[in-house]
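Engineer:
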Amino acid sequence: MSTLAASNLPVRRRRYRMRRALGEAAAAMLGLVLLIWSLLPVYNMLLIALDPEEGETEFAGLIWPPEPSLESFRVVLVGGYWFIEQFWHKFGNSLYIGLLTMLLTMAIGSLASFALGRTRLSKVRFLASAPLLTYVIPASFLVIPFYRVMHVYGLTDSPWAVVAADVTFATPYAILILLQYAKLVPLELDEAARVDGASPAQVYLRIYLPLMMPALAAVGTFALLLAWSEYLYQYLLLSSERNMTVAVAIAQFFDADEAPWNYMMATAIVYSLPPIAIFFALRRYMTAGLTLGGVER
Amino acid sequence: MSTPQALAAGSISVSRPGPPPWRFRPSSSELVWAIAFVAPYAAVFLAFVVYPVAYGLALASDPSLYADLISDPLYVRTVINTVLFVGLSVNLKMFLALLVSGFFMRRRWWVRALLVVYILPWALPSVPAFVSFHWMLIGEYGFLDSLLSALFGIDGPIWFNDRWLALGSNVVAYVWKWMPFWTIVFLAGRMAIPREIYEAAEIDGASGPRRFLHVVYPLLANMYLVCTLLATLWTIGEFTTVFLVSGGGPALSTEVLATLGIHYAFDTARPSLGVAAMLSALPVLIPITIMLMRRLETRGVQL
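Protein chains in written order, with the numbering used here: chain H, 850 to 1146; chain W, 38 to 340.
(1) Using the beta-carbon of each residue, which ones in chain H are nearer than 7 Å to W/P329?
(2) Note down, in chain order, each residue of its chain lying with its Cβ closer than 7 Å to the Cβ of W/F280, except the 5 sequence neighbours on either side.
(3) From H/Y1084 to W/T269, what does the alpha carbon distance come to, in whole angstroms?
(4) Quick check: what's the CA-CA separation for H/Y1112 versus W/F197?
(5) For a contact defined as C-beta to C-beta under 7 Å, what are the partners of H/F995 on chain W?
(6) Residues in the same chain with beta-carbon distance under 8 Å from W/L106, minus the five sequence neighbours each way, listed in chain order, please.
(7) I need the DSSP call for W/M330, collapsed to helix, strand or coil.
(8) For W/D241 and W/L133, what's the separation of their Cα atoms in angstroms?
(9) Step through the CB atoms of chain H and report whether any lies within less than 8 Å of the CB of W/T305.
(10) Tell me, please, whether the CB atom of W/Y103 is closer than 8 Å to any CB atom in chain H?
(11) With burial defined as no fewer than 16 other Cβ atoms inside 10 Å of the residue's Cβ, what is the status of H/P915: buried or exposed?
(12) Can you tell me which of the three DSSP states W/A43 falls into?
(13) For chain H, is any of its Cβ atoms less than 8 Å away from the one on W/A134?
(14) Use the C-beta contact count for H/Y996: other C-beta atoms within 10 angstroms, 16 or more gives buried, fewer gives exposed.
(15) Whole angstroms is fine: what's the gap from H/L899's alpha carbon to H/A1115's?
(16) Write down every uninterrupted run of the alpha helix (DSSP H) in the region 1026-1061 of chain H whose length is 4 residues or greater and which is fully enclosed by it, in chain order.
(17) How many Å lie between W/S342 and W/V293 at the Cα?
(18) Is DSSP giving W/F61 helix, strand or coil here?
(19) Nearest-angstrom Cα distance between W/A71 and W/W219?
(20) At a CB distance below 9 Å, what residues from the region 877-897 of chain H approach chain W? Give them in sequence order.
(21) From which residue to which residue does the alpha helix (DSSP H) around H/Q1101 run?
(22) Can you find the residues in the same chain that come closer than 7 Å, C-beta to C-beta, to H/L1065, ignoring five residues on each side of it along the sequence?
(23) H/A1117 versus chain W: which residues are under 8 Å apart at the beta carbon?
(24) Residues of chain H with CB under 9 Å from W/V282, in chain order?
(25) Can you tell me which of the three DSSP states W/A229 falls into?
(26) I want to verify the contact list: residues of chain H whose CB lies under 7 Å from the CB of W/R248, in sequence order.
(27) At a CB-CB cut-off below 8 Å, which residues of chain W make contact with H/M1113?
(28) Do W/F170 and W/A6 come within 8 Å of each other at the CB atom, strictly closer than that value?
(29) Three Cβ pairs or more, each shorter than 8 Å: is that satisfied between the region 959-969 of chain H and the region 318-328 of chain W?
(30) Flag H/T1017 as yes if its beta-carbon sits less than 8 Å from any beta-carbon of chain W, otherwise no.
(31) Could you tell me how far apart the beta carbons of H/V1012 and H/L953 are, in whole angstroms, since I believe they sit closer than 8 Å?
(32) 8 Å is my cut-off, CB to CB: does H/T950 come that close to chain W?
(33) Please decide whether W/W59 counts as near chain H, where near means a Cβ-Cβ distance under 8 Å.
(34) For the region 963-975 of chain H, which residues have a beta carbon sitting closer than 9 Å to at least one beta carbon of chain W?
(35) Since H/T1005 meets chain W, which of its residues come closer than 7 Å, beta carbon to beta carbon?
(36) Using a Cβ cut-off of 9 Å, pull out every chain H residue sitting near W/E334, in sequence order please.
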């Protein structure tokens, strides 16, 4: 019996090693596919943006830039072409909308999640998921009535109208995530503070907010990316040149027949940098903040 | 404490029947506090959801609008496109994200490095991303066709000249943009599964596909359903992808409800018809939302 087992062992081990090596090879292949998949459109942006003169790379069948140059980036940054005149002003508008959306979503979302998850209101059935009713009508479906309603509010051509729309559609998801994450913060902490005479506002400020930081960072980034990615509301609600954002300016290139695509791509790349930077700075918190429901037991 | 561990710890802790209210001063003042805390959100909800929705319903209340819609072949084709776009892109991105999240559980330095690159599409704003897709696929010598001819000597198709290729391009671009987001969500879900369960499965000889089928999938099934419902709601209203990648072309044959509504409202100057086209999705949207809310109410609370 024992001799049989001993003679089988090297064969088994070899088989195990081979399976392992095959698994590694498959993983490496999958990794390569994912790498190409993720980077191809990004490479395409660089390819067109690095072309010094319009029309050399695109439509010429080339897959690398023949004479890479940063000329189009220079033109964009000094606002040297009429579509992207006052690039920094438009960039400032985008930043204003993005940061306001982020801050308001974090503030309104955390206040609401505190009330819905940790006070007596948490006993009211369905109240916690009521914000999700917002998603019955997707953002783009609401844009026409929203446009009219903004006239009623006197927010025609105002960045605040766009902020209102972005906050409206970012907050329900924020509340959902914050409520899920808040289950990790023991209620005993709140109770102890209450015994010591803290008011609900103090519990919110001193206990809830600090412990919720990872989820708040995730939710804030989500809101910022939403505002930065949003196009339809910015396009319809902001009519004047003064309030125009970079996203609208990029799409405007499509209106012209002979637009310089290298400038458009350079604008697109510069526009993409801030959210990427913020995103990767806060990446640690992403995984933590985004769990929905976790594991069923 | 790093947060995935915190999450795992949280998932082990015993769940309580329901959070107790403030026990110590059962006065009405805490209720006032609670209401004050919800007030900002309630104000946002009333001013920017309830009022516009009521306005929209009033705009689109005329039944003749719906008769116009049904008799318009463009609308019927758009409904088919929307069903295909939503069905394909939601299922593809969710299922692939679930699989790929398993790949990213590997503890190798290069897998971690790859995750940073893989997340890039999510961090990239929509307008630049979809403009790039449009440019990759346009004409005879878009980047993708150039690549095909340089590497394999194949003459690629003119993607936006064919309805199905254009629709497929929209789906691929949308999946590309949103798969990383859901991968991260599922990755967090997988990390919350205690290691002992994996180890027990390993000892019982379940590895690879069997571990996925019998361990990971049953544990994540509820989360997968909740995420799919939410993703469906978001995808039904998708505008930017179709508007920028195929532009609804060729000849308005790949429009979805969101872009068609805008087309009616601004190109043909019939805003009520546009709102009606968009609101015609309500019979689908309402049941999905109710299912989502009930799921979260009854199951999602169990950590």
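Cβ coordinates follow ideal geometry from the N, Cα and C atoms, glycine included.
Structural biologist: In short:
(1) As a first step, residue 329 of chain W must be located in the second sequence, where it is residue number 292. Checking the displayed sequence, the identity of residue 329 of chain W turns out to be Leu instead of Pro. Neighbours of W/L329 across chain H, judged by C-beta separation under 7 Å: L981.
(2) Numbered from 1 along the second sequence, position 243 holds the residue referred to as residue 280 of chain W. Excluding positions up to five away in sequence, the list reads T296.
(3) Locating residue 1084 of chain H in the first sequence gives position 235, counting from the first residue. Locating residue 269 of chain W in the second sequence gives position 232, counting from the first residue. Each residue's alpha carbon lies about 25 Å from the other.
(4) The residue labelled residue 1112 of chain H in the question sits at position 263 within the first sequence. The residue labelled residue 197 of chain W in the question sits at position 160 within the second sequence. Cα-Cα distance, rounded: 23 Å.
(5) Within the first sequence, residue 995 of chain H is the residue found at index 146, counting from 1. Under a criterion of Cβ atoms nearer than 7 Å, the residues of chain W adjacent to H/F995 are, in order, P89.
(6) Within the second sequence, residue 106 of chain W is the residue found at index 69, counting from 1. These residues qualify, in order along the chain: Y112, L310, A313, A314, S317.
(7) Residue numbering aside, residue 330 of chain W sits at position 293 when the second sequence is read from its first letter. Of the three classes helix, strand and coil, the one that applies to W/M330 here is helix, per DSSP.
(8) Along the second sequence, read from residue 1 onward, the residue named residue 241 of chain W stands at position 204. Along the second sequence, read from residue 1 onward, the residue named residue 133 of chain W stands at position 96. In a straight line, the C-alpha of W/D241 is about 27 Å away from that of W/L133.
(9) Sequence index remark: in the second sequence, residue 305 of chain W carries index 268 (1-based). By this cut-off, W/T305 is not an interface position.
(10) On the second sequence, position 66 is the one that residue 103 of chain W refers to. Output row for W/Y103: interface = no.
(11) Here residue 915 of chain H corresponds to residue number 66 of the first sequence, with the count starting at 1. By the neighbour-count rule (16 or more Cβ atoms within 10 Å), H/P915 is not buried but exposed.
(12) Locating residue 43 of chain W in the second sequence gives position 6, where the first residue counts as 1. Residue placement at W/A43 is flagged as unreliable, the pLDDT there being 36, under the threshold of 50; a coordinate-derived value is accordingly withheld.
(13) Taking the first residue of the second sequence as position 1, residue 134 of chain W is located at position 97. No - not a single Cβ of chain H is within 8 Å of the one on W/A134.
(14) The residue labelled residue 996 of chain H in the question sits at position 147 within the first sequence. So H/Y996 ends up on the buried side.
(15) Mapped onto the first sequence, residue 899 of chain H falls at position 50. Mapped onto the first sequence, residue 1115 of chain H falls at position 266. Approximately 8 Å, taken between the alpha carbons.
(16) Fully enclosed alpha helix (DSSP H) runs of no fewer than 4 residues occupy 1036-1044, 1049-1052 of the region 1026-1061 of chain H, in order along the chain.
(17) As displayed, chain W neither begins before 38 nor continues past 340, which places residue 342 of chain W out of reach and without an answer.
(18) Sequence index remark: in the second sequence, residue 61 of chain W carries index 24 (1-based). Low confidence applies to W/F61: its pLDDT is 45, below 50, so where it sits in the model is not reliable, and the reading given next is rough at best. Note: W/F61 maps to coil in three-state DSSP.
(19) Here residue 71 of chain W corresponds to residue number 34 of the second sequence, with the count starting at 1. Here residue 219 of chain W corresponds to residue number 182 of the second sequence, with the count starting at 1. Approximately 33 Å, taken between the alpha carbons.
(20) Flagged, chain order: A877, L879, G880, L883, L884, W886, S887, L888, L889, P890, V891, Y892, N893, M894, L896, I897.
(21) Start at 1 with the first residue of the first sequence, and residue 1101 of chain H comes out as number 252. Boundaries of the alpha helix (DSSP H) around H/Q1101: 1095-1101.
(22) The residue labelled residue 1065 of chain H in the question sits at position 216 within the first sequence. Excluding sequence neighbours, H/L1065 sits near M955, S959.
(23) Taking the first sequence and counting its residues from 1, the one referred to as residue 1117 of chain H is at position 268. The CB of H/A1117 comes closer than 8 Å to the CB of V164, P165, V168, S169 in chain W, given here in chain order.
(24) Here residue 282 of chain W refers to the residue found at position 245 of the second sequence. From the beta-carbon of W/V282, no residue of chain H is found nearer than 9 Å; the closest lies around 11 Å away.
(25) Translated into the one-based positions of the second sequence, residue 229 of chain W becomes position 192. In this structure, W/A229 counts as coil in the three-state DSSP scheme.
(26) What you label residue 248 of chain W is simply residue 211 of the second sequence in a count that begins at 1. The premise fails here: W/R248 is roughly 13 Å from chain H at the closest Cβ pair, so nothing lies under 7 Å.
(27) Taking the first residue of the first sequence as position 1, residue 1113 of chain H is located at position 264. The contacting residues are V168.
(28) Because chain W is modelled from 38 through 340, residue 6 of chain W falls outside the range shown and cannot be assessed.
(29) Counting Cβ pairs under 8 Å, fewer than three are found: no touch.
(30) Residue mapping note: residue 1017 of chain H aligns to position 168 of the first sequence, counting from 1. Residue contact with chain W for H/T1017: present (Cβ-Cβ distance below 8 Å to some residue of chain W).
(31) Residue numbering aside, residue 1012 of chain H sits at position 163 when the first sequence is read from its first letter. Residue numbering aside, residue 953 of chain H sits at position 104 when the first sequence is read from its first letter. Approximately 7 Å separates the beta-carbon atoms of H/V1012 and H/L953; this is inside 8 Å, confirming the contact.
(32) For the purposes of this step, residue 950 of chain H is taken as the residue at position 101 of the first sequence. For H/T950, the answer is no, since every Cβ of chain W falls outside 8 Å of its Cβ.
(33) Residue numbering aside, residue 59 of chain W sits at position 22 when the second sequence is read from its first letter. The pLDDT assigned to W/W59 is 48, lower than 50, so where the model puts this residue is not dependable, and the model offers no usable value.
(34) Against chain W - using a Cβ distance shorter than 9 Å - the residues of the region 963-975 of chain H are F963, A964, L965, G966, R967, T968, R969, L970, S971, K972, R974, F975.
(35) Translated into the one-based positions of the first sequence, residue 1005 of chain H becomes position 156. For H/T1005, no chain W residue has a Cβ inside 7 Å of its Cβ, as the nearest lies near 15 Å away.
(36) To locate residue 334 of chain W, count along the second sequence from 1; it is residue 297. The contacting residues are R974, F975, A977, S978.
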